[in-house]
Amino acid sequence: MPELPEVETVRRSLAGRITGLTIEKVELRLPKIAIALPGTLFTDALGGRRIIELGRRGKYLLLHLDGDETLVIHLRMTGRLIHLRPEERGAPEPAHTHAVFFLDDGSLLRYTDVRQFGTLTLMATAAALQQPGKGRLGPEPLAEDFSFPDFRNALAKRKTKLKPLLLDQSFLAGLGNIYADEALARAGLHPDRTADALDDEESRRLYDCIRTVLQEGIDAKGTSFRDYVDGEGRKGEFQEKLWAYGRERNPCRRCGGEIVREKRAGRSTHFCPRCQK
DNA sequence: ACGTTGTCCTGTCTGC
DNA sequence: TGCAGACAGGACAACG
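The first sequence: position 154 = 154 (the UniProt record's numbering), numbered continuously.
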């Protein structure tokens, strides 16, 4: 599941390969995944556009194009964006390839998605930077201006439990099920704790652990628990460093207690009942 | 404001 | 072994 560290890794792996190239043609095999500006055809709108820069906001990958428009890509769970150099473009096309971008250096960008949940949306760059999805996005957890006092104040305003709160993209952008569980595990906080009941020290731990776990995820080039690979088709390594996610019935790395997996808000939630209080 | 459920989708796993 | 059903989940809508 591409979360912030995975999307950032895709961004970095693609940036050096496709920045500055022009999209000559797009083949869209599954039209429902693509959304263009009203009254325009997605494939027509992208042809001839130059890729200026690759950005990211939360879990959204942003391909900034000339003409002040941006292709907003959300990979959801199983989306993949793989770049093939000119000499690699004969490689067999994977199943579930929904869009192919032909670039002017002879290379290809293939978009595949088994579950068809991901989306490609073309919109004005200003709109993409402000709000790439339907709802408002919360702060970027790794940005310099994401301060502890702000986070502490935001926590104090919310009566909801930590697990659903961390998954709420309007509260904080970029955490998904894996990194939410990891941040809570590292912070030693129970997923059912109520946000406004955290004291200063606990809030500080959560703030620090969210940032640490995301940065370590990026450093390890993402978590390849099931499907995820970067823009060059490479798996990440953070799955080897997880404390909680996917480790049910295994010993807690901090206290040796048994990690459990229980449903919270419809999602599997992994934690150590002994040391996450 | 908060919590839950349903929707989308298909590959993989589980149970009989 | 084969098949049916459950499960995985990010964003969003709808409802209580």
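A virtual CB, placed ideally from N, CA and C, is assigned to each residue, including glycine.
Worksheet item: Under 9 Å between the Cβ atoms of V26 and F117?
Response: Position 26 of the first sequence, counted from the first residue, corresponds to residue 26. Position 117 of the first sequence, counted from the first residue, corresponds to residue 117. No, the pair does not count as a contact, with Cβ atoms beyond the cut-off.
Practice prompt. Go ahead and pull the three-state DSSP assignment for D66.
Written response: On the first sequence, residue 66 is found 66 positions in, with the first residue counted as 1. D66 falls in the coil class under three-state DSSP.
Item to complete: Determine contact between the stretch 93 to 112 and the stretch 147 to 160, defined as no fewer than three beta-carbon pairs at a distance below 8 Å.
Response: no
Discussion item. Run through the DSSP bridge pairs and tell me what F102 is partnered with.
Written reply: For the purposes of this step, residue 102 is identified with residue 102 of the first sequence, where counting begins at 1. For F102, which the question treats as bridged, DSSP gives the partners K25, L108.
Fill in: Beta-carbon proximity list for G176, same chain, < 6 Å, skipping 5 on both sides
On the first sequence, position 176 is the one that residue 176 refers to. Taken in chain order, the residues that qualify are M1, E3.
Item to complete: Check whether the Cβ atoms of L75 and L62 sit closer than 9 Å, and answer yes or no.
Response: As a first step, residue 75 is located in the first sequence; it is residue number 75 there, counting from the start. As a first step, residue 62 is located in the first sequence; it is residue number 62 there, counting from the start. Contact: no.
Discussion item. Checking 9 Å against the spacing of the C-beta atoms, do G79 and T43 come in under that value?
Written reply: Stepping through the first sequence from its first residue, residue 79 is reached at position 79. Stepping through the first sequence from its first residue, residue 43 is reached at position 43. No. Outside cutoff.
Worksheet item: Which residues share a DSSP beta bridge with A34?
Response: As a first step, residue 34 is located in the first sequence; it is residue number 34 there, counting from the start. Bridge partners of A34: L120.
Practice prompt. Measure the C-alpha to C-alpha separation of V229 and G236 and round it to an integer number of angstroms.
Written response: Numbered from 1 along the first sequence, position 229 holds the residue referred to as residue 229. Numbered from 1 along the first sequence, position 236 holds the residue referred to as residue 236. Rounded to the nearest angstrom, the two C-alpha atoms are 7 Å apart.
Fill in: Whole-Å CB distance - K59 paired with G174, under 8 Å assumed
Here residue 59 is taken as the residue at index 59 of the first sequence, counted from 1. Here residue 174 is taken as the residue at index 174 of the first sequence, counted from 1. Right, the Cβ-Cβ distance comes to about 6 Å (below 8 Å), so this counts as a contact.
Worksheet item: Which first and last residues belong to the alpha helix (DSSP H) in which K163 is found?
Response: Position 163 of the first sequence holds residue 163. Per DSSP, K163 belongs to the alpha helix (DSSP H) from 162 to 167.
Practice prompt. Below 7 Å CB to CB, which residues in the same chain sit around T125 once its five sequence neighbours on both sides are set aside?
Written response: To locate residue 125, count along the first sequence from 1; it is residue 125. Counting only Cβ-Cβ distances below 7 Å, and skipping sequence neighbours, we find H64, D68, E69, T70.
Worksheet entry | Rounded straight-line distance, which links the Cα of D199 to that of N153 | Numbered from 1 along the first sequence, position 153 holds the residue referred to as residue 153. Numbered from 1 along the first sequence, position 199 holds the residue referred to as residue 199. Straight-line Cα distance between these residues: approximately 11 Å.
Discussion item. Among P139, G39, L14, G138, whose alpha-carbon lies nearest the alpha-carbon of I82?
Written reply: Here the question's residue 82 lines up with position 82 in the first sequence. With distances taken between Cα atoms, I82 lies closest to L14.
Worksheet item: Since T9 is in the alpha helix (DSSP H), which residue starts that stretch and which ends it?
Response: Residue mapping note: residue 9 aligns to position 9 of the first sequence, counting from 1. Element bounds for T9: 4 to 18.
Worksheet item: Of the choices L166, G55, E88, whose alpha-carbon is the least far from that of G233?
Response: The residue you call residue 233 lines up with position 233 of the first sequence. The shortest Cα separation from G233 among L166, G55, E88 belongs to E88.
Worksheet item: Going by alpha carbons, who is nearest to G217 out of E202, F238, V7, G48?
Response: For the purposes of this step, residue 217 is taken as residue 217 along the first sequence, with counting starting at 1. When only C-alpha atoms are compared, the closest one is F238.
Item to complete: Decide if R226 is buried, meaning its Cβ has at least 16 other Cβ atoms within 10 Å, or exposed.
Response: Here the question's residue 226 lines up with position 226 in the first sequence. Looking at its Cβ environment, which holds fewer than 16 other Cβ atoms inside 10 Å, R226 is exposed.
Worksheet item: Between which two residues does the alpha helix (DSSP H) carrying V213 extend?
Response: To locate residue 213, count along the first sequence from 1; it is residue 213. Run containing V213: 200 to 219, per the alpha helix (DSSP H) assignment.
Discussion item. Can you tell me whether T223 is helix, strand or coil according to DSSP?
Written reply: Translated into positions along the first sequence, residue 223 becomes position 223. In this structure, T223 counts as coil in the three-state DSSP scheme.
Worksheet item: Which class does Y179 belong to by DSSP, given the choice of helix, strand or coil?
Response: The residue you call residue 179 lines up with position 179 of the first sequence. If DSSP states are grouped into helix, strand and coil, Y179 belongs with the helices.
Practice prompt. Would you mind reading off the limits of the beta strand (DSSP E) that contains F271?
Written response: Here residue 271 corresponds to residue number 271 of the first sequence, with the count starting at 1. Unbroken beta strand (DSSP E) run through F271: 267 to 271.
Practice prompt. Taking only the alpha-carbon atoms, compute the straight-line gap between L28 and H98 and give it to the nearest angstrom.
Written response: Residue mapping note: residue 28 aligns to position 28 of the first sequence, counting from 1. Residue mapping note: residue 98 aligns to position 98 of the first sequence, counting from 1. If I take the Cα positions, the gap works out to 6 Å.
Worksheet item: D196 to R267, Cα distance in whole Å?
Response: Here residue 196 refers to the residue found at position 196 of the first sequence. Here residue 267 refers to the residue found at position 267 of the first sequence. So the two alpha carbons sit approximately 22 Å from each other.
Discussion item. Going by beta-carbon coordinates alone, are L120 and I51 separated by less than 9 Å?
Written reply: Residue mapping note: residue 120 aligns to position 120 of the first sequence, counting from 1. Residue mapping note: residue 51 aligns to position 51 of the first sequence, counting from 1. Contact: no.
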